[in-house]
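In this note's numbering, the protein residues as written are 10 to 351.
Note that CB positions come from ideal geometry on N, CA and C, so glycine has one too.
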């Protein structure tokens with residue numbers, strides 16, 4: 010409903026209205042690259058019209074200007090317009106290969122598929138995904154990400170596919186994917202600096218089927234990190250500098266009993282240490298390879314070692330005693346021989 014004009018004087022009605030300024034337009038888009046937290050509230054249809062000035066008498070020029078202004082502040086069906094340098098179609102937002110240094114600040118609220126691949130993004134704000142509850146696919150591959158903020162996926166309850174490959178991630182902290190219980194596929198491959206995965210990194214991801222940790226810097230992976238993934242089918246771990254010591258045995262045993270399709274990655278997973286198994290395929294190791302890890306000493310073994318030690322110590326003392334006597338006798342014999350010659 011349009012506001013009534015304010016009239017003054019006794020002559021013909023003179024209608025006054027406040028001018029429309031930028032401060033009164035709540036729907037003004039944020040600048041590209043802004044990392045500030047945004048409100049998810051959208052203006053209502055009536056609220057938008059109420060901010061427009063009263064057009065006055067029906068003049069074609071003024072009416073046209075008013076319609077253009079109204080079209081400019083009206084929200085789109087998706088909640089906001091498509092970001093600059095991005096393309097939007099059927100709930101798919103593609104911002105890939107645009108040399109972006111930061112994430113676009115405003116996306117359509119009903120975005121389901123977001124691609125930010127092949128850019129130069131170094132950080133993502135902690136509340137960036139708060140407004141996009143319909144998000145299903147997030148592609149962040151081939152960027153410059155070193156870490157992700159805590160709570161980034163707190164509102165991404167419908168996220169199913171996440172690609173973080175070809176970045177500079179150094180570790181996967183605990184509860185990194187907290188609340189994103191719908192994740193089915195996670196790709197963390199080709200992060201050469203990835204050297205640590207927290208035992209609770211994938212906690213709560215009961216629907217996770219595919220996990221790619223290949224071509225990183227992992228030398229060890231805790232079995233606890235995988236035991237909480239009942240739906241895991243495919244695990245890619247090749248291309249890492251694995252240390253195949255005694256600590257690797259529980260993981261290998263679990264993999265043989267749990268993973269159904271690991272053959273595609275088995276030849277790529279090799280041991281970098283210890284020296285006796287360097288270069289050997291990880292999945293070629295058997296229980297015999299870890300036999301030395303299970304060697305234990307019984308009471309008889311300890312008694313035998315103690316007896317041998319005692320015997321060796323007695324023999325050492327006796328040998329030293331005999332050597333002392335022999336040296337003393339030789340010294341006396343040499344002295345007697347010298348006296349006879351004189």
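Extent of the continuous beta strand (DSSP E) run through residue 235: Along the chain shown, one-based indexing puts residue 235 at 226. Not the beta strand (DSSP E): residue 235 falls in the alpha helix (DSSP H), residues 233-236.
The beta strand (DSSP E) enclosing residue 157, as first and last residue numbers: Taking the chain shown and counting its residues from 1, the one referred to as residue 157 is at position 148. Where residue 157 is concerned, there is no enclosing beta strand (DSSP E), given that its DSSP letter is neither H nor E.
Coarse secondary structure for residue 170, derived from DSSP in three states: As a position in the chain shown, residue 170 is number 161, starting the count at 1. In this structure, residue 170 counts as strand in the three-state DSSP scheme.
Candidates 153, 165, 193 and 184, of which the one nearest residue 174 by Cα: Position 165 of the chain shown, counting from 1, holds the residue named residue 174. Ranking 153, 165, 193 and 184 by Cα distance to residue 174 puts 153 first.
Sort 142, 97 and 231 by Cα distance to residue 205 and report the nearest one. Translated into the one-based positions of the chain shown, residue 205 becomes position 196. Residue 231 is the option with its Cα nearest to residue 205.
Assuming residue 266 is part of the beta strand (DSSP E), what are its boundary residues? Position 257 of the chain shown holds residue 266. Note, residue 266: premise wrong, no beta strand (DSSP E); alpha helix (DSSP H) at 258-267.
Just verifying my parser: in three-state terms, what is the DSSP assignment at residue 246? For the purposes of this step, residue 246 is taken as the residue at position 237 of the chain shown. Residue 246 falls in the coil class under three-state DSSP.
Selected residue, minimal CA-CA separation from residue 218, among 187, 283, 170 and 181: Along the chain shown, one-based indexing puts residue 218 at 209. When each option's Cα is compared against that of residue 218, the closest is 170.
One or two residues paired with residue 194 in a DSSP bridge: Walking along the chain shown from the start, residue 194 turns up at place 185. BP columns for residue 194 point to 170 and 219.
When burial is assigned at 16 or more other CB atoms within 10 Å of the CB, is residue 335 buried or exposed? Walking along the chain shown from the start, residue 335 turns up at place 326. Residue 335 comes out exposed.
Give a yes or no on whether the C-beta atoms belonging to residue 225 and residue 254 are separated by under 9 Å. Counting from one through the chain shown, the residue named residue 225 turns up at place 216. Counting from one through the chain shown, the residue named residue 254 turns up at place 245. For residue 225 and residue 254, no; Cβs fall outside 9 Å.
Identified DSSP bridge partners for residue 147: Translated into the one-based positions of the chain shown, residue 147 becomes position 138. Answer is 123 and 171.
Is DSSP giving residue 287 helix, strand or coil here? In the chain shown, counting from the first residue as 1, residue 287 sits at position 278. Of the three classes helix, strand and coil, the one that applies to residue 287 here is coil, per DSSP.
Here's the rule: buried if 16 or more other CB atoms are within 10 angstroms of the residue's CB, otherwise exposed. What is residue 353? As displayed, the chain neither begins before 10 nor continues past 351, which places residue 353 out of reach and without an answer.
With a Cβ-Cβ cutoff of 9 Å, do residue 290 and residue 278 count as a contact? The residue labelled residue 290 in the question sits at position 281 within the chain shown. The residue labelled residue 278 in the question sits at position 269 within the chain shown. The answer is yes: Cβ separation under 9 Å.
DSSP-derived helix/strand/coil call for residue 282: As a working note, residue 282 is residue 273 in the chain shown. Strand, per DSSP.
Are residue 156 and residue 117 closer than 9 Å when you measure CB to CB? As a working note, residue 156 is residue 147 in the chain shown. As a working note, residue 117 is residue 108 in the chain shown. Result no, Cβ atoms of residue 156 and residue 117 do not sit closer than 9 Å.
Comparing C-alpha positions only, which one of 179, 176, 141 and 100 sits nearest to residue 162? Taking the chain shown and counting its residues from 1, the one referred to as residue 162 is at position 153. The residue with the shortest Cα to Cα distance from residue 162 is 141.
Could you tell me which of 337, 168, 121 and 110 sits nearest to residue 100, measuring between CA atoms? Within the chain shown, numbered from 1, the residue matching residue 100 stands at position 91. Nearest C-alpha to residue 100: 121.
In terms of DSSP beta bridges, what is residue 98 paired with? Here the question's residue 98 lines up with position 89 in the chain shown. Partner(s): 101.
To the nearest angstrom, how far is the alpha carbon of residue 244 from that of residue 261? Translated into the one-based positions of the chain shown, residue 244 becomes position 235. Translated into the one-based positions of the chain shown, residue 261 becomes position 252. Distance between the alpha carbons of residue 244 and residue 261 is about 12 Å.
Out of curiosity, what's the CA-to-CA distance linking residue 286 and residue 223? Counting from 1 along the chain shown, the entry for residue 286 is found at position 277. Counting from 1 along the chain shown, the entry for residue 223 is found at position 214. Distance between the alpha carbons of residue 286 and residue 223: 20 Å.
Can you tell me whether residue 180 is helix, strand or coil according to DSSP? Here residue 180 refers to the residue found at position 171 when the chain shown is read from its first residue. Looking at residue 180 - three-state DSSP - the assignment turns out to be strand.
For residue 165 versus residue 144, is the C-beta distance shorter than 9 Å? In the chain shown, the residue the question calls residue 165 occupies position 156. In the chain shown, the residue the question calls residue 144 occupies position 135. Going by C-beta atoms, residue 165 is nearer than 9 Å to residue 144.
Which of helix, strand or coil does DSSP assign to residue 209? On the chain shown, residue 209 is found 200 positions in, with the first residue counted as 1. If DSSP states are grouped into helix, strand and coil, residue 209 belongs with coil.
Out of 246, 147 and 114, state which residue places its alpha-carbon closest to the alpha-carbon of residue 352. Since the displayed the chain opens at 10 and closes at 351, residue 352 lies outside it and no answer follows.
Proximal residues to residue 105 (C-beta, below 6 Å), its chain only, five neighbours per side dropped: For this step, residue 105 is matched to residue 96 along the chain shown. Within the same chain, residue 105 has close Cβ partners 124, 126 and 127.
Beta-carbon spacing of residue 188, residue 211 below 9 Å: Start at 1 with the first residue of the chain shown, and residue 188 comes out as number 179. Start at 1 with the first residue of the chain shown, and residue 211 comes out as number 202. No, Cβ-Cβ distance for residue 188 and residue 211 is not below 9 Å.
Count the other C-beta atoms from every protein chain shown that fall within 10 angstroms of the C-beta of residue 340, then say buried if there are 16 or more, exposed otherwise. Position 331 of the chain shown, counted from the start, is the residue given in the question as residue 340. It is exposed - the Cβ of residue 340 has fewer than 16 other Cβ atoms within 10 Å.
Of the choices 321, 213 and 252, whose alpha-carbon is the least far from that of residue 227? Position 218 of the chain shown, counted from the start, is the residue given in the question as residue 227. Ranking 321, 213 and 252 by Cα distance to residue 227 puts 252 first.
Nearest candidate by alpha-carbon position, reference residue 240, set 198, 192 and 249: As a first step, residue 240 is located in the chain shown; it is residue number 231 there, counting from the start. Comparing Cα-Cα distances from residue 240 to each of 198, 192 and 249, the minimum goes to 192.
Simplified DSSP state of residue 93, which is helix, strand or coil: Translated into positions along the chain shown, residue 93 becomes position 84. The answer is coil: DSSP assigns residue 93 none of H, G, I, E or B.
Mind checking residue 338: buried by the 16 CB within 10 Å criterion, or exposed? For the purposes of this step, residue 338 is taken as the residue at position 329 of the chain shown. Exposed, since its Cβ has fewer than 16 Cβ neighbours within 10 Å.
Does the Cβ-Cβ distance between residue 238 and residue 264 come in under 9 Å? If you number the chain shown from 1, residue 238 lands on position 229. If you number the chain shown from 1, residue 264 lands on position 255. Cβ atoms of residue 238 and residue 264: not closer than 9 Å.
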